[in-house]
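Structure first, then comments.
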Amino acid sequence: MANTILELLDQEQGQYVSGEAISRTLNVSRTAVWKQIRKLEEQGYVIEASRKLGYRLLFKPEPLSLEKLDGLLKTQRFAREVRLLNEVDSTQNEAQRWAEAGAPEGALVIAEQQMSGRGRMGRSWVSPYTKGIWMSLVLRPSTPIHFAPQLTLLTAVALCRSLRKSTELEIGIKWPNDLLIDGRKISGILLESSAEDERIKYIVAGTGISVNLDPSDYPEELLARATSLSIQAGRKFSREVVIADFMLEWEQLYDLYLKEGFGPIGTLWEALSVSLHTPVTIQTPQGELAGRAIGLHDTGAIKLELDSGEVRLVFSGEMGQPKQQ
């Protein structure tokens with residue numbers, strides 16, 4: 001029934017179809033029609049309803065195409081093995097299970113929708129159907145576990161650089177790995193590791209990118225703090241192109257890191273940062289710190305100059321919005 005309603009709406013190319021006409025065609029009640037409309041909306045279709053005019057189709061979701069993605073990829077390892085799932089609790093969970101079963105480095109899990117997507121510090125992540133990129137990559141670096149925070153920063157640099165190229169938007173990084181446009185968040189990054197004998201067994205690097213979300217996709221309380229690429233650019237983006245560009249940039253920087261260490265990555269991070277040389281506050285496990293972020297330490301810690309002049313390294317915490325001078 002839902003497919004028939006979709007065909008009726010699609011035929012009208014954005015014009016209204018009355019609920020009565022749909023009911024008559026399907027020989028069902030108006031309530032039954034409304035229930036099927038709701039089902040379509042849950043699948044990502046945007047349908048405008050008017051009591052006087054009926055329903056009209058405003059947006060059709062475009063599922064990811066692995067064939068299209070494969071044709072765009074220029075990587076050697078990253079995303080050469082991909083699992084595309086329609087709906088999951090979290091791509092992190094799926095990728096962790098795959099990693100434990102022996103997934104190679106570069107194996108990628110993508111979901112059209114996450115029901116329990118998670119970000120840093122246990123936060124949830126808005127992941128509507130077919131509108132964003134919700135994915136997790138398996139990494140197997142031969143480095144000690146205490147280097148893992150460097151890979152979080154590397155991921156942020158790779159994503160920021162690739163998105164700036166493909167969207168031409170002024171995207172910056174807030175320490176440690178939030179991507180912002182005009183102070184509003186467009187991406188979340190979460191790295192979770194498994195180790196043996198102080199060596200990394202594998203890392204699952206989760207990334208959520210708000211690509212084609214509309215304002216209506218966000219809870220009202222998030223609109224002041226979150227946005228999407230399409231909202232900021234005023235146009236939609238190919239998710240396959242965004243993924244392919246990101247994978248190439250990520251693989252190249254990852255290989256540079258394995259060859260030359262964190263130095264070049266740290267320099268790139270500082271160049272893209274919106275956190276440096278500005279007053280900030282950081283909520284740490286020991287309490288709030290206030291000062292000026294002056295640089296990045298090789299460990300991935302932020303160098304915070306306190307009002308007293310003391311420079312303190314902050315390894316973990318939640319940075320508030322950088323204050324404009």
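Residue numbers (UniProt numbering): 1 to 325. Idealized CB from N, CA, C, for every residue including glycine. Quick caveat: nothing in here was measured; it's all calculated off a predicted structure.
{"query": "Length of the line joining the Cα atoms of residue 10 and residue 57", "result": "7 Å"}
{"query": "Exposure label - residue 293; buried when at least 16 CB within 10 Å", "result": "buried"}
{"query": "Distance between beta carbons of residue 108 and residue 137, contact taken as under 8 Å", "result": "5 Å"}
{"query": "Inter-stretch contact at 8 Å, needing at least 3 Cβ pairs: the segment 148-168 / the segment 232-251", "result": "yes"}
{"query": "Euclidean distance between Cα positions of residue 319 and residue 165", "result": "26 Å"}
{"query": "Residue span of the beta strand (DSSP E) that contains residue 135, given as start and end", "result": "133-139"}
{"query": "Three-state class that DSSP yields for residue 303 in the structure shown", "result": "strand"}
{"query": "Three-pair Cβ contact test at 8 Å for the segment 195-211 versus the segment 30-37", "result": "no"}
{"query": "Buried/exposed call for residue 70, threshold 16 Cβ in 10 Å", "result": "exposed"}
{"query": "Cβ contact check for the segment 44-57 and the segment 2-22: 3 or more pairs under 8 Å", "result": "yes"}
{"query": "Residue 68 versus residue 238 - alpha carbon distance", "result": "10 Å"}
{"query": "Secondary structure of residue 86, DSSP reduced to three states", "result": "strand"}
{"query": "DSSP state of residue 147 mapped onto helix, strand, coil", "result": "helix"}
{"query": "Proximity winner among 135, 104, 92, 105, relative to residue 111 (alpha-carbon distances)", "result": "135"}
{"query": "Beta-bridge pairing of residue 283 - partner residues as DSSP gives them", "result": "288, 318"}
{"query": "Coarse secondary structure for residue 127, derived from DSSP in three states", "result": "coil"}
{"query": "Contacts around residue 274, its chain only, beta-carbon distance under 7 Å, and the 5 residues preceding and following it disregarded", "result": "172, 173, 174, 180, 322"}
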